[in-house]
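K.L.:
The structure is given below, and queries will be raised subsequently.
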Amino acid sequence: MSSARFDVLIVGSGPAGSFAALTLVRQGASVALLDKSTFPRDKACGDLVGPRGVQLLMDAGLSLPSQLNVGDMVVIGPGGRRVLLPSRAGLTYPGYGTIGTRVEFDASLQNAAVDAGAVLFTGRADAPLEVEGRLDGYRTAGGIELRADFVIGADGATSHVGTTAGLVDANKVLWGFAVRSYVSQPVDLPVIVLWEQSRWHAFPGYGWIFPSADGGANVGLGIATRSDRTAGNGAVRMFSQFFDRLRDLGLIDRATPEPSPRLGGWLKMGMIGTTPARRNTLLVGDAAGLVNPLQGEGIAHAMSSGKAAAEAVLFDPGNAARSYRASLASAHLPYQRIGAVAHATLAGRPFATAAIARALTAPGLGTAVAGGWAIFWNDLLDGAPRSRARKVATASSGFGDRLTQRSQAARWFEAEYR
Ligand SMILES: Cc1cc2nc3c(=O)[nH]c(=O)nc-3n(C[C@H](O)[C@H](O)[C@H](O)COP(=O)(O)OP(=O)(O)OC[C@H]3O[C@@H](n4cnc5c(N)ncnc54)[C@H](O)[C@@H]3O)c2cc1C
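Under this note's numbering, the first residue of the sequence shown carries the number 5, and numbering increases by one thereafter.
Structural data, given as structure tokens:
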């Protein structure tokens, strides 16, 4: 059995792990980057990196292959009404997102980390290794012992590191599940479809059709399931009906066959239920539950939390867990708390969800709030320039904050992020 020791072991080489690795090795740390898959590998995704993610990539000096930049987005309500959510540059992010396959995106981030000096291992983190009650690394399924002063769990929504380190309370975690496929038919703008399975009975999530860099489109359906992971197959079961809805809306030609293969995955949302760091173990990205509970974005959060965890380890090693928690709180609260409460409340209320979806896409109101909706929904308020849209987003955030301040979720966040 071989064994090696590093400053930091990072389990998982998705956007969170690779970005953490890149940040660490650029500052001279020795890093083992362990992933169970051989890259390039696929990952279920809508493939859209939001404006904050684009800014992080630019700040890190990374250029990525085969990307397509996208700005405005269309939301189609249950009645078929369309609202354009405008994309505007902020003071701290550009006015566009970028699209590329996860096969290429994740491989190029991993390559950047390895080129900068991270040592890549392929294998599944299996048995935790402990020294005096402290996590000292993992033995891989192939029998290699990787030991380190710090362990960063970047191993996705169902994180093995989070579970084995006792950082996840399964009864509190909020889940989503989404499935996606590709069609060769082009689409001009990213489209979100708020959908009713029957009149006034909203599907607890949304579907999408996004342009892809090769001229076709990425089509998907995501469902919010609260803490119930058995409900995730709702997105798989309903995919055919949703595809028919896209045909009815004229977004897919009648002749276009239902796509296959499809790939699905879990989204751990709203931060709640996961302790992000304890002692020398830090969770980043989906492992920390950072996916936006209102719209499912997680790549930007994965990269920013990877960077934040790396910086806590580099610049405050004696206090890394506390320092990382503080940085997560300042970047993501109260937004994630508001989103978590909205997710948990609306997931079981199809009528209320339908009413909100109809109101937001109604003529007049939809257009009036679209700018603020685009800012608030995409968590772009911090850094948004002065405008009427910013005022709408600020009012929505303030209202959500007041409404959720005394919730059980608020008490959980207070205890964890004190
Ligand atoms: C269908 C779908 C659509 C989505 N669409 C979007 C979108 O359009 N935009 C967006 O921003 N976000 C989207 N998301 C969310 C986004 O995919 C995630 O937030 C993002 O991938 C999180 O990155 P990560 O690095 O934390 O985890 P991941 O990308 O999941 O990477 C985790 C890595 O850990 C490895 N791993 C797991 N367990 C182990 C182990 N035991 N040992 C070693 N390695 C291990 C895995 O192989 C994997 O490479 C979507 C999610 C789904 C499911």
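Glycine included, C-beta positions come from ideal geometry on N, C-alpha and C. Just so you know, these numbers come straight off a predicted model, no measurement behind them.
1) Measuring only the C-alpha atoms, how far is Y142 from A221?
2) Secondary structure at S7, three-state DSSP: helix, strand or coil?
3) Cα separation between P338 and R258?
4) Just the C-alpha distance for A152 and D11, rounded to the nearest angstrom, thanks.
5) With a cut-off of 8 Å, do at least 3 Cβ pairs link the region 16-32 to the region 291-311?
6) Does N323 come out as helix, strand or coil in the three-state DSSP assignment?
7) Does DSSP put F246 in a helix, a strand or coil?
8) Assign Q114 to one of three DSSP states: helix, strand, or coil.
9) Count Cβ pairs between the region 175-192 and the region 267-279 that sit closer than 8 Å; are there 3 or more?
10) Of all the beta strand (DSSP E) runs that stay within the bounds of the region 129-177, which reach a length of 3 or more residues?
11) Run through DSSP, which three-state label would P44 get?
12) Return the residue from the list R128, G75, V58, F43 that minimises the CA-CA distance to D110.
13) Rounded C-beta distance between G101 and V53? I'm assuming under 8 Å.
14) Suppose the cutoff is 7 Å on Cβ atoms and the five residues either side in sequence are ignored; what does the same chain contact list for Q189 look like?
15) What did DSSP end up calling L26 once you bin it into helix, strand or coil?
16) State the Cα-Cα distance for the pair P321 and V288, rounded to the nearest angstrom.
17) Can you find a heavy atom of ligand 1 that lies under 7 Å from the Cβ of D39?
18) Grab the span of the beta strand (DSSP E) containing A228 for me, first residue to last.
P.N.:
Let's see:
1) 39 Å
2) strand
3) 44 Å
4) 5 Å
5) yes
6) helix
7) helix
8) helix
9) yes
10) 129-135, 138-144, 149-157
11) coil
12) F43
13) 6 Å
14) G220, A221, I256, D257, T260
15) helix
16) 17 Å
17) yes
18) 221-230
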